[in-house]
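This report refers to the structure that appears directly beneath it.
2 protein chains.
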Amino acid sequence: MSIDYNKVTIKTSLHHCFGSPNDDIEGLPQFFAELAEGADEVDIKGNTFLFREKDPSDYVYILVSGAVMLERSTSTGSRQVFAFLYTGNLMGLSEQLTYSFSAKSLADATAIRISRSAMQSMFDRYPAVAQKYHKVTGRILALILDQLFIMGQKSAHQRLGHFLLDMIPKLGRGQSQFYLPMSRQDIADYLGMSLETASRGFSRLKRSKLIDIQSNYHITILDEQKLRDFIAD
Amino acid sequence: MSIDYNKVTIKTSLHHCFGSPNDDIEGLPQFFAELAEGADEVDIKGNTFLFREKDPSDYVYILVSGAVMLERSTSTGSRQVFAFLYTGNLMGLSEQLTYSFSAKSLADATAIRISRSAMQSMFDRYPAVAQKYHKVTGRILALILDQLFIMGQKSAHQRLGHFLLDMIPKLGRGQSQFYLPMSRQDIADYLGMSLETASRGFSRLKRSKLIDIQSNYHITILDEQKLRDFIAD
DNA sequence: CGAGCCCTTGATGCATTTCAACGAATGTGG
DNA sequence: CCACATTCGTTGAAATGCATCAAGGGCTCG
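Structure below.
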């Protein structure tokens, strides 16, 4: 039980999550040292659950590599995907005793795992770090509100456009080609539409030369401005 | 500049928001005393903005009476309502420098207003209270996820059913009649549908005898169980 | 080479929006 | 107190967007 803070992938993930030492957050190095003691590194096969909705929320995970989606399913098998998470995102920390959604890997992934109670107690002892974390929570809340806005106001094809544009900040500057780690079905469930509608959306954007589809999972945005015009009602 | 903590409406609102003294939260009485010094009581006419999206987020508001909705509008005039807030809800506290949505009163209302920086500094000095507040934030996040789920997975009429059932917890036990403080348009914008669809939803639920409509704003739930069956896909 | 999976495309039907008219409630000025 | 305007809600008819059903194509892997 412990992780190697000096491993580059781990270090960058932690910094992404809690800030880096030159952010001048009080107690951050000690926090990381203590975290490294109490945490574990876990390997996750593709398409497996890190945890499921209603399981006791015993652990908190920080994604080190790979991609994960947060989702909730109905009894009838339909599903809402809440978010796609990438390196450096934290998941599973809530005040409730059980998880309110499931977390499923999209491909092989690795994560740092730490018990929720340990995390809580560390937040109690490092208030500056906790504060940083609450800022992140606030940003997440803002992102979900954006998503709610899009779900309520935009057409299916516009929602897909939003989704593709949201990929851009994750890329290097000027980059407009990217790899989608999720299936059409995942995208459809994220945007609240059928698989077919999502697929038609891709086709239509390609036909209008707003995007190019090298392969099912390799997309290039050809005309960002036109895409932005398209999603603005 | 100061409010009267002993005024019943104010006291209950604050307790609803930060906990009551018998919740045994460290420093709570001092927190309330300090809050009372730095806060103001403001009267708000019906249908006016407490603040608008993109305004500098200078103040935090705690609703004492009346009802408020949080919303965001597009350039073309369409609108998404994020939430309806009632007595004891806090709004406007975020880490960003500007509000990310507008707050508009549904009818005449009163609120406690305090500067955001004062609120922040009090949270720094009363960590137990801040922690209580972050729990509330977590609950809000869970509620928004529920809303996102409903928006993505349910039909328009089902969403309306959800909305009506959500009114119940706010009522006394066994109570099934309530007053809706918002218009059909507000409801439609909350649930991401047209005014007409919302209206047809009410009519249909009335025709099926799941609800009764005494007047436009007075609704009775006649058969809660059937309504729950209806919204479960 | 064939099986299986995922994606695409077409055809059809249903849910929801849009356009339009009407009705009920409320307020205003004569 | 009544005619009138105004606002808000309801209802109908037509148009549209999206889901569903169904078939076929391309990729990957044994």
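First to last, the sequence lines map onto chains A and B.
Quick note: the first sequence uses our numbering, first residue 1169, plus one each step.
Quick note: the second sequence uses our numbering, first residue 1169, plus one each step.
Note that the Cβ used here is the ideal one computed from N, Cα and C, for glycine as well.
Everything numeric in this text was worked out from a predicted model, so none of it was measured.
Close Cβ partners of residue i (< 6 Å) along its chain, the five nearest in sequence each way excluded
i	result
residue 1258 of chain B	1185 and 1230
residue 1380 of chain B	1388 and 1390
residue 1291 of chain A	1298
residue 1398 of chain B	1329
residue 1366 of chain B	1352, 1355 and 1356
residue 1282 of chain B	1206, 1207 and 1228
residue 1394 of chain B	1378
residue 1454 of chain A	Any answer about residue 1454 of chain A is impossible in this case: the structure gives chain A only from 1169 up to 1401.
residue 1256 of chain B	1181, 1184 and 1185
residue 1294 of chain A	1195 and 1199
Any chain B beta carbon closer than 7 Å to residue i
i	result
residue 1372 of chain A	no
residue 1306 of chain A	yes
residue 1263 of chain A	yes
residue 1302 of chain A	yes
residue 1268 of chain A	yes
residue 1365 of chain A	no
residue 1354 of chain A	no
Residues that residue i contacts on chain A, provided the C-beta gap is smaller than 8 Å
i	result
residue 1290 of chain B	In chain order: nothing, as chain A lies at least about 14 Å away.
residue 1312 of chain B	1309, 1312, 1313 and 1316
Beta-carbon neighbours of residue i, restricted to chain B and to distances below 7 Å
i	result
residue 1320 of chain A	1248, 1319 and 1360
residue 1337 of chain A	In chain order: nothing, as chain B lies at least about 17 Å away.
Where residue i meets chain B, residues with beta-carbon distance less than 8 Å
i	result
residue 1225 of chain A	Ordered by position in chain B, no residue passes the 8 Å Cβ test against residue 1225 of chain A, which lies about 11 Å from the chain.
Closer than 7 Å to chain A by CB, residue i
i	result
residue 1351 of chain B	no
Straight-line gap, residue i to residue j (C-alpha atoms, nearest Å)
i	j	result
residue 1299 of chain A	residue 1203 of chain B	21 Å
residue 1262 of chain A	residue 1358 of chain B	26 Å
residue 1333 of chain A	residue 1182 of chain A	26 Å
residue 1235 of chain B	residue 1245 of chain B	22 Å
residue 1117 of chain A	residue 1296 of chain B	In this structure chain A extends from 1169 to 1401, so residue 1117 of chain A is not present and cannot be described.
residue 1196 of chain B	residue 1260 of chain B	21 Å
residue 1319 of chain A	residue 1376 of chain A	23 Å
residue 1315 of chain A	residue 1217 of chain A	24 Å
residue 1327 of chain A	residue 1374 of chain A	15 Å
residue 1221 of chain B	residue 1205 of chain A	44 Å
residue 1306 of chain A	residue 1308 of chain B	11 Å
residue 1362 of chain B	residue 1249 of chain B	13 Å
residue 1335 of chain A	residue 1214 of chain B	41 Å
residue 1265 of chain A	residue 1392 of chain A	43 Å
residue 1383 of chain A	residue 1240 of chain B	37 Å
residue 1364 of chain A	residue 1347 of chain A	20 Å
residue 1192 of chain A	residue 1372 of chain B	59 Å
residue 1317 of chain A	residue 1271 of chain A	23 Å
residue 1200 of chain A	residue 1254 of chain B	41 Å
residue 1219 of chain A	residue 1284 of chain A	13 Å
residue 1174 of chain B	residue 1303 of chain B	25 Å
residue 1224 of chain A	residue 1243 of chain B	44 Å
residue 1187 of chain A	residue 1287 of chain A	16 Å
residue 1269 of chain A	residue 1169 of chain B	44 Å
residue 1311 of chain A	residue 1344 of chain B	35 Å
residue 1198 of chain A	residue 1176 of chain A	18 Å
Amino acids of chain A, ordered along the chain, whose beta-carbon sits closer than 7 Å to that of residue i
i	result
residue 1240 of chain B	1317
Contacts of residue i in chain B (Cβ-Cβ under 9 Å)
i	result
residue 1380 of chain A	Residues of chain B passing the Cβ test: none, with the nearest at roughly 28 Å.
Residues that residue i contacts on chain A, provided the C-beta gap is smaller than 9 Å
i	result
residue 1401 of chain B	1242, 1243, 1244 and 1246
Cβ neighbours of residue i in the same chain (closer than 7 Å, five flanking residues each side left out)
i	result
residue 1350 of chain A	1237, 1252 and 1274
residue 1178 of chain B	1171, 1172, 1232 and 1280
residue 1211 of chain A	1278
residue 1325 of chain B	1369 and 1372
residue 1226 of chain A	1283 and 1284
Other residues of its chain near residue i: CB distance less than 8 Å, five sequence neighbours each side excluded
i	result
residue 1331 of chain A	1355, 1358 and 1359
*Relative to chain B, which residues along the region 1185-1201 of chain A have a C-beta separation below 7 Å, given in chain order?*
Listed in sequence order: no entries.
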